[in-house]
Every structure is written in structure tokens, then in C-alpha cells.
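In my numbering, the protein residues as written are 3 to 621.
Cβ coordinates follow ideal geometry from the N, Cα and C atoms, glycine included.
What follows is one structure encoded as C-alpha cells, with my remarks underneath.
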Amino acid sequence: MEPTYRSDDPRLEACALHEFSDAELREKLEYEKKRPQPNKARILAVEREVARREASRQVHHGDGQASAPPEPPQEPPQEPEADPDSAPWDLVERVAKAERERDKLQSALGDMQLDLHQARREKKEAERKRREAERQAEESLRKGGTEPGAQEPEPEPEPEPAPEALKDPLRSDEPLSHCEPIPDEAFEDLPDVLAEPTSWWSRRHKRDVFLTSALGILSGCLPNVHGWWGSDVPSAHGPNLFTCFVAGAAGGKSAGTYARGLAQSVHEQITERAERRIADWQARKKEHEADDDSEPFTEPRPPEQGLWVPANASYAQLLHTLHDNEERGIVFSSEIDTVADALGQDWGNFDSLFRKAYHHEADDQGRRETGNIRIEDPHVSLVLGGTDRQFVNLVGSAENGLYSRLCLYYFDAADGYRSQRPTRKGIDRANRLDALAGKVGRLWSDLDAREVPIKFQLEEHQWATLDGAVEPLHQETQRHGFSHLLSIPRRSGLWAFRIAMILTVLRAHVSGATLGRADTLTPTDEDLQAALTIASTYADHALRFGRARLEDGEHRSPKDLRISVMLANTDEKFTSRDAYTAARAEGIDVTDRTLRDDLRTAADRGLLERIASSGWRKR
């Protein structure tokens, strides 16, 4: 027998329970109670209707004599019934339930954010204490070591630099004597791939060398990531960096070679994929040649590929290698002479390729023997290490465009004798480096599989932070007459942008973000500040090295020197006559008209602003 009650009865949705017969109501009540997920609201509504009808029938009883109806049962406040023309009758309850769940989730999210903030603070403090303990232990070993469990002596504090020399690399009489390490705050909250290995080094310059090398290497392991840079006509920039660490012989540069291990998994994946392609090609060739009636096999052999690009290759070989590697690769050399010697050969001279590759500009070469070789969108990372003499031979002068593209870290420190006997801690660190390389390999695999690059972008307040950090150094360089070094502060902003890109991608991967499907990435304010701190250190060292090793007294133009003298020897507000007098006092013998033109040039550069007909104010 067909049931009289249907779950899709339109009377249910209109809350027209009075249209049901008593039998239908009873059947409906039993049906609703037996459902796997009973609708409590419907059950309550039916029970109310049944109670109403029972009360109505008891008004007249027995011989038909009327009697007073019993007191109706106490019921909870009636919820407003929905309009028959509106949404289903249980929509209000569902909305209220959703709002309660939302409030619970918001409360839980707030608690989680507080816990996360506290955890980050505790992590920073723990990392600081661990680095300090590691530094003390390593210092103790360097000085001779102690027996296990013995009291270790307190490490000697590193000498404090002269504050005035540190603040202004353009005024110091001995620029290189005050090249400071990267500030500790830049290491307080690095992504795990960088935080752990940088904590292994007790000497700050070794820690910095490792970080400098690691940033350059990791920048070549992040395909399909770019951010827009430039105001007039923006262009897409990848994270690729050119980094260089320079010091005296045996000064601790070996720390930079350990960073190469972070890319080992990426290199193996690239070479294995290329070998599979070659094996498949060989199989197809063999099968084709086995068929006597077939046409000659003309399919080109797939190229051999790898992550590393040889540093001593010729210009043509370098172009060929990049072309075979899908226009990507890392040039790594712990001896700058390897690259400098290649540049000095007739077949070398590929510094122009590096300058173009830094901005992902196309390059080509046409030869009779090899034909035309062209790369459209190169993504090359460069990591170099060596002595200051080797570095001077490489760049030649501060006006070489390659110099301003290099994130330079300079240090002058000689380590004392240390036994090279392997320790358990050292072996464990080597194993940990392999594990970190595995993380980098998985990150590269996720990014390489993407069809569309991830867009890296800064928020408005972050652009203001970046500009606020770069502009003062740019103005100071102009003010002191070092216009030939202006490209360093200009490019330091791009260094920070790319470093922030690296830190953001690493952090997103550690946090579990699905980089295979993400569209955009924005750095945290902390990662941007760390990037600016690191880039500012590189800019400071580059300016100091340029003044100390690459300046021969002829780089600064007479105009730049005159402007520098007038600005250095006048008050915050001054007149044109004050500036002329200051120039004459320093032996400058030119006409007032020339000096007036110089002041106008300084104003055009943003160094001055006019406040009266002959008055000026320094900016």
C-alpha cells in the first residue's frame, strides 16, 4: 500500500500542516523520527499540530455537554513561521546555526593567532640562545677545547666598530676596515631551510658567507616565480641573484661551498629526467633502425641537462649550455679566478651575457661553425667566492655594470688553527644538509610542474618601506659626489625584492601552501625587513669596496666634486653666496655662474630645494 505521506509534499515547505489528515500526521511523525538524520524542527511542528487537535477534540465530550478545555501544555516560544512565498521553513534555523558556528570559528582563530604570535616570540628567543651557546662552544674549541663536562671559558666579544664609520661608508677614511656583519635580527625568523644551517656557524662572518652563498644557490632553484619591478614599464623578474663573498686567503670562505649541497636534489632530478629522455630516444632510434624499409631516423637527440653551469666555459659554450638547460642554471665557483680567467680570453668575454641575464634579457651569438644561438628569457644565478685581488681582476672598475649587480659581502678575518678531526656534530650536520636538500628538491618539483608562474607582489605599505630604505642611501651617494656608484643603491632595492621573494616562497612551502596551485604570494613584513637588512649590508660593503679598491681619483667628475664640497661645508639652510665661499675655501677656482649651475644640478637630483631667490635648503 502506498503511503499517504510524501517527503516532497509541497504542504511541508509551506508549513500547511493543517491540510494533513490525522492519519497523515501520525505517519509523518513516525517517518521523521525514523530518518537517519531527523529534522528536529519538523518533528516539533508536527507534535504541536497533533497536540492542538487533541485539545480541540476534548472541548466537547460524553453527552455533548460542553466543558472547559484543559490548560494547554507549556510550549517554548513560537518561532515565526516563514512566509509561504519565501525560502523553506527551516532556513532561519539553519542561518542561526551557521552564525553560531561562525562566531565559534572566529573565536578559535583569534586564540590561534595569539598562540602563533607567542610561539614565534618563543622560537626567536630559543634560536638566539642556541646561537649564543653554539658560538661559545665553537669559540672554546677554536681556542684549544675542553674536556666533556668541563667549564668552558666565556668567549671574547668581537670588537665594536666605530659608529661614525659604520653609518656612512662614503665618508670613512678607511672604508673596508668597518665592513660589518649582517645584523643578527636578519636571522631571527628565517625559513627553516636557512635558519637551521646558518645556526651552525659560531663565527659571524662564516654564517654570513653561508647565507650569501645559499641565497644565490636557492635563487636558481625556484622556477615559475616572478614579480613585477619598475615604474615606467614594469618587467617580470625572477628571484635570481648574483652573490659574491670576498676575503683574504684562508679567511673562512669555505663556508660558502657547503651551501652548494642545498641544491643537490634539484640537480639530481634534472639530470635523471634528461637521462630518461635520452634513453627513450635511444630506444626509439633502435626500434626505427631495426625496420629495414623505414626512412632515416632524424629525431634530434635530447640534450644532457643539469643545474650547474661551468664557470670556465666560452661565450658560445655558455649560451649552448643555457639553451640546453631550458635557459636556466647556476654558475658557482669558489675561486673567482676561474671566471676572471675566462673573461680575459678572446673566447670568453661573457660579462655582457651576465649583465643581460640579470634582467632576463635576450642574448644571441652567430658563428659560422655553430650557427645562431639565442636565449630569449635567461634565468641565471651566479655565486662567486675569492680574494679581493681576484675580485678586482674580475670587475675591473666600479663602472662595470657587473659590479653593481653583485650582492657583495666582504670580510677581513683570519681564523685560528682548528683541528679538522671529524666530530659527531659535524657528521650530523652533513646528514641534516641532505635532508634540507630534499625539502628544496620537493619545492623545485612543485614549482617546475606549474604551467603559469606564481606572482610575487608587495602591498602598498611594503613598497613605502622599501622606498624609505633605499632612497636615503641614493641621496647620500649623490650628495658626496659618487655618482659613478649610484647604480649600487639603485639596484639594492631589486636585491631586497628578490631576497624577499626567496624567503616568501621558502616560508610558504614550509607552511604547507600548495605552490602547485597558488596564484599570488605576498611577503610578511618581517621577511621584507629581513631582506632589506641583508640587502643594505651588501650595498654598504659594495660602496666601501668600490671606494677602497676600485676608485683611482678620476671617477668623480669635477661637477660632482664641486657639489660635494658645497654641500659638505654649508649649513642646513644656506645662500648661493655661502656655497661659493665654501667652494673657494677648498681651492675650487671656477666662476660663480658655474657654481650656480652646479647648485641647480643638485636641486634636479633631489639634494636641494630653493626657499628664496638665492636661498637653499638641504633635503
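Taking residue 447 as the centre and dropping the five residues before and after it, the same chain places the C-beta of 271 closer than 7 Å to its C-beta, in chain order. Scanning the stretch 177 to 215 from its first residue to its last, no whole beta strand (DSSP E) run of 3-plus residues comes out. Annotation for residue 332: the continuous beta strand (DSSP E) segment containing it runs 330 to 335. In the DSSP assignment, residue 386 falls within the unbroken beta strand (DSSP E) covering 381 to 388. For the 8 Å CB-CB criterion, residue 212 and residue 262 do not form a contact. Here the alpha carbons of residue 202 and residue 135 stand approximately 11 Å from one another. The stretch 480 to 490 and the stretch 400 to 408 touch, with no fewer than 3 CB-CB distances between them shorter than 8 Å. Per DSSP, the beta bridge partners of residue 230 are 238.
Residue 320 is classed as buried because its beta carbon has at least 16 other beta carbons within 10 Å across all chains shown. In its chain, beyond the 5 residues on either side, 230 have a beta carbon closer than 8 Å to the beta carbon of residue 236. Taking a 10 Å sphere around the C-beta of residue 536, we find 16 or more other C-beta atoms and assign the residue as buried.
Nearest in C-alpha terms to residue 275, of all of 288, 289, 256 and 304, is 304.
Between the beta-carbon of residue 188 and that of residue 532 there is about 5 Å, and that keeps the pair under the 8 Å contact cut. Taking the Cα of residue 247 as reference, the smallest distance to any Cα among 324, 197, 389 and 317 is reached at 389. Across the structure, residue 413 and residue 256 are spaced so that their CA atoms are roughly 13 Å apart. Residue 327 is classed as buried because its beta carbon has at least 16 other beta carbons within 10 Å across all chains shown. Here DSSP, grouped into helix, strand and coil, assigns residue 611 to strand. Its Cα nearest to that of residue 605, the residue 562 stands out among 444, 504 and 562. Secondary-structure assignment with DSSP links residue 617 through a beta bridge to 577.
Counting along the chain, residue 245 sits inside no alpha helix (DSSP H); it lies in the beta strand (DSSP E) bounded by residues 244 to 248. Counted as a single uninterrupted DSSP element, the alpha helix (DSSP H) harbouring residue 356 occupies residues 353 to 360.
In this structure, residue 338 sits near residue 387, with a CB-CB distance shorter than 8 Å. The C-beta distance from residue 243 to residue 221 rounds to 4 Å, short enough to fall under 8 Å.
Put simply, of 356, 311 and 578 the residue whose alpha carbon is nearest the alpha carbon of residue 616 is 578. Distance from the CA atom of residue 234 to the CA atom of residue 307, rounded to whole angstroms, is 37 Å. In the three-state DSSP reduction, residue 365 falls in the strand class (E or B). In the DSSP assignment, residue 311 forms a beta bridge with 333. Around the beta carbon of residue 205, 16 or more other beta carbons lie within 10 angstroms, which makes this residue buried.
Per DSSP, the beta-bridge partners of residue 377 are 365. Contact annotation: the stretch 515 to 530 touches the stretch 455 to 473, with at least three C-beta pairs closer than 8 Å. If you draw a straight line from the Cα of residue 496 to the Cα of residue 302, it comes to about 40 Å. If you check the CB distance, residue 509 and residue 193 come in under 8 Å.
With respect to the 8 Å criterion, residue 362 and residue 330 are not classified as neighbours on the basis of their beta carbons.
In the three-state reduction of the DSSP assignment, residue 224 falls in the coil class, being assigned neither a helical nor a strand state.
Residue 324 holds the alpha-carbon nearest to the alpha-carbon of residue 366 among 309, 265 and 324. When 586, 568 and 433 are compared, the shortest CA-CA separation from residue 480 is found for 568.
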